[in-house]
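Taken in sequence, the protein lines are chains A and B. Read in order, the letters of the first sequence correspond to residues 18 to 454 in this note's numbering. Read in order, the letters of the second sequence correspond to residues 18 to 454 in this note's numbering. Below: one structure, written as structure tokens.
There are 2 protein chains.
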Amino acid sequence: MKINLPETGQKRVVIVGGGFAGLELAKKLVKGPYQVVLLDKNNYHQFQPLLYQVATAGLEPSSIAFPLRKLFQKCPNFYFRMTEVQAIHPEKRCLTTPRGIVWYDYLVLALGAQTNFFGNAQFLAHAIPMKSISEALYLRNAILSDLEVALTTPEYERRQGLVDVVIVGGGPTGVELAGALAEMRHWILPKDYPELDASEVDIYLVQAGERLLPGMSHEAAQSALYYLQSMGVHVILGDRVIDYDGSWVCLKSGRRIYSKKVIWAAGIKGQTIQGIASTSIGPGNRICVDAFHRVKGYNDIFAIGDVALMKEDPNWPEGHPQVAQVAIQQGLNLGNNLLRQMQGKDLIPFRYIDKGSLATIGRNKAVADLPFWNTQGWIAWVLWLFVHLFALVGTKNKVFVFLNWVWNYITYDQSLRLIIRPWLRKKQGENTPSCPE
Amino acid sequence: MKINLPETGQKRVVIVGGGFAGLELAKKLVKGPYQVVLLDKNNYHQFQPLLYQVATAGLEPSSIAFPLRKLFQKCPNFYFRMTEVQAIHPEKRCLTTPRGIVWYDYLVLALGAQTNFFGNAQFLAHAIPMKSISEALYLRNAILSDLEVALTTPEYERRQGLVDVVIVGGGPTGVELAGALAEMRHWILPKDYPELDASEVDIYLVQAGERLLPGMSHEAAQSALYYLQSMGVHVILGDRVIDYDGSWVCLKSGRRIYSKKVIWAAGIKGQTIQGIASTSIGPGNRICVDAFHRVKGYNDIFAIGDVALMKEDPNWPEGHPQVAQVAIQQGLNLGNNLLRQMQGKDLIPFRYIDKGSLATIGRNKAVADLPFWNTQGWIAWVLWLFVHLFALVGTKNKVFVFLNWVWNYITYDQSLRLIIRPWLRKKQGENTPSCPE
Chain A
18 MKINLPETGQ KRVVIVGGGF AGLELAKKLV KGPYQVVLLD KNNYHQFQPL
68 LYQVATAGLE PSSIAFPLRK LFQKCPNFYF RMTEVQAIHP EKRCLTTPRG
118 IVWYDYLVLA LGAQTNFFGN AQFLAHAIPM KSISEALYLR NAILSDLEVA
168 LTTPEYERRQ GLVDVVIVGG GPTGVELAGA LAEMRHWILP KDYPELDASE
218 VDIYLVQAGE RLLPGMSHEA AQSALYYLQS MGVHVILGDR VIDYDGSWVC
268 LKSGRRIYSK KVIWAAGIKG QTIQGIASTS IGPGNRICVD AFHRVKGYND
318 IFAIGDVALM KEDPNWPEGH PQVAQVAIQQ GLNLGNNLLR QMQGKDLIPF
368 RYIDKGSLAT IGRNKAVADL PFWNTQGWIA WVLWLFVHLF ALVGTKNKVF
418 VFLNWVWNYI TYDQSLRLII RPWLRKKQGE NTPSCPE
Chain B
18 MKINLPETGQ KRVVIVGGGF AGLELAKKLV KGPYQVVLLD KNNYHQFQPL
68 LYQVATAGLE PSSIAFPLRK LFQKCPNFYF RMTEVQAIHP EKRCLTTPRG
118 IVWYDYLVLA LGAQTNFFGN AQFLAHAIPM KSISEALYLR NAILSDLEVA
168 LTTPEYERRQ GLVDVVIVGG GPTGVELAGA LAEMRHWILP KDYPELDASE
218 VDIYLVQAGE RLLPGMSHEA AQSALYYLQS MGVHVILGDR VIDYDGSWVC
268 LKSGRRIYSK KVIWAAGIKG QTIQGIASTS IGPGNRICVD AFHRVKGYND
318 IFAIGDVALM KEDPNWPEGH PQVAQVAIQQ GLNLGNNLLR QMQGKDLIPF
368 RYIDKGSLAT IGRNKAVADL PFWNTQGWIA WVLWLFVHLF ALVGTKNKVF
418 VFLNWVWNYI TYDQSLRLII RPWLRKKQGE NTPSCPE
């Protein structure tokens, strides 16, 4: 069965994935003579850099997500279909989905990345990933529920397992999450849980390398380490988590930490999709592309964003970092090229312009690597706030996130610490729903 | 095992349920010489009158929920435990929970009400209740997901089943929900789903009685009917849903409606709890109490709010309506009486003061029955807005709900149409999570 899409005579560009790359491309293409079809398994775009604030109950999901349909409300050549993609059939120029077959003239894979557990079944079974809003909400619920259970757990050891958190990976996600949890412990815990001893709550950040924030400058790494330690986070450098059974975290050094919550921020790999030749797939599941984002071995299939591996940008011979900035610029470049191609103009090879990196650790504490300037502290923090605010999709989201931040900054307290569980249909005779914990 | 609560020498009042009644009582009692223990299966208070706006993506859950701990942050004699209650043991003055045993000097049951399917297994198995935030979110996801599926469903009949909604029950919840859905169809659908024919979307409101809003005046019922019909809602009066198999709704008149979504707003019954003698339970599972909220047959157990049935208020010989106002006044009355008792003062029997009823149907359309005045239309609508705004718990919630409403009023559009699914842990080898639909 064919998915219903009108045959308008326009060339059809099918974009798989509504992340930064796919969205930027779609926004560009709808202005041109293409039929743009966007497929995503969610009906919203999510702003991943702020997921950690959803996980720590600082922001609501709706503040960092935006419905894809609403973004393209006035674009008659735009079609959204909420669906997964089962497989690509390049020889037939179509892809299959549970909703039907979609034909394409050009296919753009903006699949993004997924959590990389490096094939470890234990991590997969017990660690908590944090790459999506659903996962961030799961983590939020787990943190809050475990605090509730800890309150009625008299045994010190068992209570430790409930209140302690181990974060694996010292990149931006790990650092920002550790900082936010430390702030939660400092400002919220004594007020909300006066019966718990906040000093019993340990936050561990385990980084395999010898420094934090490997993608950033040494000053940034030093400051981040200093900030985190001053906030009481146990930063463990040069050690590696080798096993986790849901209770005990084992490090390579032999150290063991008892904790019910291990958050996995230690690595990502490209999302996979059936139908792309394995010879086109590079390290970390990334799809090899040329300087015009064309997937190796295909003429009409492109890949952009975290899933793409381009080695033809002279400054990035090993491929670009898997960050939002690259994705946005790639989406824009491909969009422009597809429009230029229609106009018979030459294509422009992609060159990434690095505008710098930012990471925030807490109130007034952030690190910034800018092209000509590295700074840490308050200025970096303000910069971080504004960069993230303006990067959010939608005016209302910008306004509401800003108001939330101002509110939190003044009151040192949010009011989002709700454990909202999915509704499960009751069986007959059952009185109250059971608590899935 | 005993749940850990300090023995302070204060009399312990255990309140089960943090709804309107329980919350009001706790707020009163923490000012007195009691140890107040609040038990709830959720860690938040939910503002039920606005659930329908969560279901129709007009408000976020966090706007109408408030964390119970945050409300009592500065009360040293207050203890919250997030848990269900398994049974009461009146002879031992304790109750059992999965977390341990809780002893009480006074026990207050503020259990609230649950959806009443009148024992029909089909309704229980297929209809969607709307008494909690989790259920409202389930409904929101169902509405939005079904619209997505409808888009790729070429067959008219099957598509009808996906887009049509049947609401059972013409009380405030049914009326407000029908109105909100009609507005969604009018303002949102053509913009978000231009490919769907909005005129194909049917909203049915089925009311067994001959009029809507049985608890309100005839003018209110007439206006509500007029408003709903003018907004294109199919209001079916004097007919009753007798069966629903998940696809076909069968009415007593023989009429059949094909719909995947039947929302059950046709009745409530008291939440039940083990350990209260069946002789103390009245019609609709309500617990019979005297004018001081004392449960029949017990000296130290009280019931307030939706679950309580008091026939000793001269103006309400059949018991009070199960609404927020009654619950709030009962919580306040019981709180005062428990404080008076400590001071050796006489207890004051409960008398309900009805301040009026309000229901909103849409923009500028509401109905209001006030003690000396009934009004419909814009004034009632403004009144409704302010009454609900001020009744919300928490300054931030008030501010954010107000801003949300202003935003929606001006733009005729919210940006909350996100289908956020719970995270399910992936199994090894699985690539993408499956869609629970």
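Virtual Cβ for every residue (Gly too), placed ideally from N, Cα, C.
List, from N- to C-terminal side, the alpha helix (DSSP H) runs of 4 residues or more that fit wholly inside the region 229-257 of chain A. Segments of the alpha helix (DSSP H) lying fully in the region 229-257 of chain A: 235-247.
Please report the Cβ distance between residue 2 of chain A and residue 150 of chain A, rounded to the nearest whole angstrom; I am assuming they are in contact, meaning their Cβ atoms lie under 8 Å. A query on residue 2 of chain A cannot be resolved here, the shown segment of chain A reaching from 18 to 454 and no further.
Let's see if you can read the secondary structure: which residues bound the alpha helix (DSSP H) around residue 99 of chain A? Sequence index remark: in the first sequence, residue 99 of chain A carries index 82 (1-based). Bounds of any alpha helix (DSSP H) do not take in residue 99 of chain A; it lies within the beta strand (DSSP E) bounded by 95-99.
Of the residues B/115, B/320, B/224, B/98, which one's Cα is nearest the Cα of residue 280 of chain B? The residue labelled residue 280 of chain B in the question sits at position 263 within the second sequence. Shortest Cα-Cα distance from residue 280 of chain B to any of B/115, B/320, B/224, B/98 involves B/224.
Listed in chain order, which residues of the region 161-174 of chain B have Cβ atoms closer than 9 Å to some Cβ of chain A? For the region 161-174 of chain B, the set of residues with a beta-carbon nearer than 9 Å to any beta-carbon of chain A comprises 161, 162, 165, 166, 168, 169, 170, 171, in chain order.
Using a Cβ-Cβ cut-off of less than 7 Å, list which residues of the region 345-374 of chain A approach chain B; keep chain order. Against chain B - using a Cβ distance shorter than 7 Å - the region 345-374 of chain A contributes no residues.
Just the Cα atoms here: how many angstroms apart are residue 267 of chain B and residue 273 of chain B? Sequence index remark: in the second sequence, residue 267 of chain B carries index 250 (1-based). Sequence index remark: in the second sequence, residue 273 of chain B carries index 256 (1-based). Going by the C-alpha atoms only, they are around 5 Å apart.
DSSP state of residue 2 of chain B, grouped into three classes? The structure shown does not extend to residue 2 of chain B, since chain B is modelled only from 18 to 454, so the question has no answer here.
So, with DSSP's three-state summary, where would you put residue 318 of chain A? Your numbering for residue 318 of chain A matches position 301 in the first sequence. Residue 318 of chain A: strand per DSSP, three-state reduction.
Please list the residues of the region 290-307 of chain B that have a C-beta atom closer than 7 Å to any C-beta atom in chain A, keeping them in chain order. So nothing in the stretch comes that close.
Exposure label - residue 88 of chain B; buried when at least 16 CB within 10 Å: Residue 88 of chain B sits at position 71 when you count from the first residue of the second sequence. With 16 or more Cβ atoms within 10 Å of its Cβ, residue 88 of chain B is classed as buried.
When the cut-off is 8 Å and only beta carbons count, does residue 154 of chain B lie next to chain A? Taking the second sequence and counting its residues from 1, the one referred to as residue 154 of chain B is at position 137. Answer yes: the Cβ-Cβ gap between residue 154 of chain B and chain A drops below 8 Å somewhere.
Cut-off 8 Å between Cβ atoms - residues of its own chain near residue 193 of chain A, not counting five sequence neighbours on either side: The sequence position of residue 193 of chain A within the first sequence is 176, counting from 1. So the qualifying residues of the chain are 69, 376, 377, 378.
Quick one: is residue 6 of chain A near chain B, going by C-beta distance under 8 Å? Not covered by the structure: residue 6 of chain A. The range shown for chain A is 18 to 454.
Is there a C-beta anywhere in chain B that falls below 8 Å from the one on residue 394 of chain A? Your numbering for residue 394 of chain A matches position 377 in the first sequence. So, not an interface residue.
DSSP has residue 31 of chain B in a bridge; who is on the other side? As a working note, residue 31 of chain B is residue 14 in the second sequence. DSSP, once it has assigned bridges, lists B/54, B/124 as partnering residue 31 of chain B.
Could you give the DSSP three-state label for residue 25 of chain B: helix, strand or coil? As a first step, residue 25 of chain B is located in the second sequence; it is residue number 8 there, counting from the start. Three-state result, residue 25 of chain B: coil.
Distance, residue 46 of chain A Cα to residue 29 of chain A Cα: Residue numbering aside, residue 29 of chain A sits at position 12 when the first sequence is read from its first letter. Residue numbering aside, residue 46 of chain A sits at position 29 when the first sequence is read from its first letter. The straight-line gap from Cα to Cα measures roughly 11 Å.
Say whether chain A places a C-beta atom closer than 8 Å to the C-beta of residue 60 of chain B. Numbered from its first residue, the second sequence carries residue 60 of chain B at position 43. Interface residue (Cβ-Cβ distance to chain A less than 8 Å): residue 60 of chain B is classified as such.
Mind listing, in chain order, the continuous alpha helix (DSSP H) runs of no fewer than 4 residues lying wholly within the region 179-230 of chain B? If only complete runs of 4 or more residues are kept, the region 179-230 of chain B shows the alpha helix (DSSP H) at 189-200, 206-209, in order along the chain.
Would you call the region 239-247 of chain B and the region 184-199 of chain B touching, i.e. three or more CB-CB distances under 8 Å? The answer is yes - the region 184-199 of chain B touches the region 239-247 of chain B, with three or more Cβ pairs under 8 Å.
Looking at the strands, I want to know which residues DSSP matches up with residue 114 of chain B. Locating residue 114 of chain B in the second sequence gives position 97, where the first residue counts as 1. According to DSSP, residue 114 of chain B bridges with B/117.
Do residue 458 of chain A and residue 40 of chain A have their CB atoms nearer than 8 Å? Because chain A is modelled from 18 through 454, residue 458 of chain A falls outside the range shown and cannot be assessed.
Would you tell me roughly how many angstroms separate the C-alpha atoms of residue 347 of chain A and residue 322 of chain B, rounded to the nearest one? Locating residue 347 of chain A in the first sequence gives position 330, counting from the first residue. Locating residue 322 of chain B in the second sequence gives position 305, counting from the first residue. Between the C-alpha atoms of residue 347 of chain A and residue 322 of chain B there is a straight-line separation of about 58 Å.
Between which two residues does the alpha helix (DSSP H) harbouring residue 86 of chain A extend? Residue numbering aside, residue 86 of chain A sits at position 69 when the first sequence is read from its first letter. Run containing residue 86 of chain A: 85-88, per the alpha helix (DSSP H) assignment.
Mind the definition here: the region 81-96 of chain B touches the region 127-139 of chain B only if three or more C-beta pairs lie below 8 Å; say whether that holds. Too few Cβ pairs lie closer than 8 Å, so no.
Hey, out of B/344, B/100, B/355, whose CA is closest to residue 116 of chain B's CA? Here residue 116 of chain B is taken as the residue at index 99 of the second sequence, counted from 1. B/100 is the residue among B/344, B/100, B/355 whose C-alpha sits nearest the C-alpha of residue 116 of chain B.
Terminal residues of the alpha helix (DSSP H) in which residue 79 of chain B lies: Translated into the one-based positions of the second sequence, residue 79 of chain B becomes position 62. 78-81 is the extent of the alpha helix (DSSP H) around residue 79 of chain B.
Determine contact between the region 428-438 of chain B and the region 204-223 of chain B, defined as no fewer than three beta-carbon pairs at a distance below 8 Å. By the Cβ rule, the region 428-438 of chain B counts as touching the region 204-223 of chain B, because three or more pairs are nearer than 8 Å.
Tell me whether residue 83 of chain A is buried or exposed, calling it buried when 16 or more other Cβ atoms sit within 10 Å of its Cβ. Here the question's residue 83 of chain A lines up with position 66 in the first sequence. So residue 83 of chain A counts as buried.
Per-residue burial, residue 382 of chain B [other beta carbons within 10 Å of its own, 16 or more giving buried]: Against the second sequence, residue 382 of chain B aligns to sequence position 365. Label assigned to residue 382 of chain B: buried.
Residues within the region 86-114 of chain A neighbouring chain B, beta-carbon criterion of under 7 Å: Those residues of the region 86-114 of chain A that come within reach of chain B (Cβ to Cβ, closer than 7 Å) are 86, 87, 90, 98, 99, 101.
Of all the options A/363, A/123, A/283, A/94, which has the alpha carbon lying nearest to the alpha carbon of residue 106 of chain A? Here the question's residue 106 of chain A lines up with position 89 in the first sequence. The candidate whose alpha carbon is nearest that of residue 106 of chain A is A/123.
Go to residue 18 of chain B, then tell me how far its alpha helix (DSSP H) extends in each direction, as first and last residue. Along the second sequence, read from residue 1 onward, the residue named residue 18 of chain B stands at position 1. The continuous stretches of alpha helix (DSSP H) do not include residue 18 of chain B, and DSSP gives it neither H nor E.
What are the boundary residues of the alpha helix (DSSP H) that includes residue 422 of chain A? The residue you call residue 422 of chain A lines up with position 405 of the first sequence. 412-428 is the span of the alpha helix (DSSP H), which, as asked, contains residue 422 of chain A.
Name the chain B residues whose beta carbon is nearer than 7 Å to that of residue 117 of chain A? For the purposes of this step, residue 117 of chain A is identified with residue 100 of the first sequence, where counting begins at 1. What residue 117 of chain A touches in chain B: 169.
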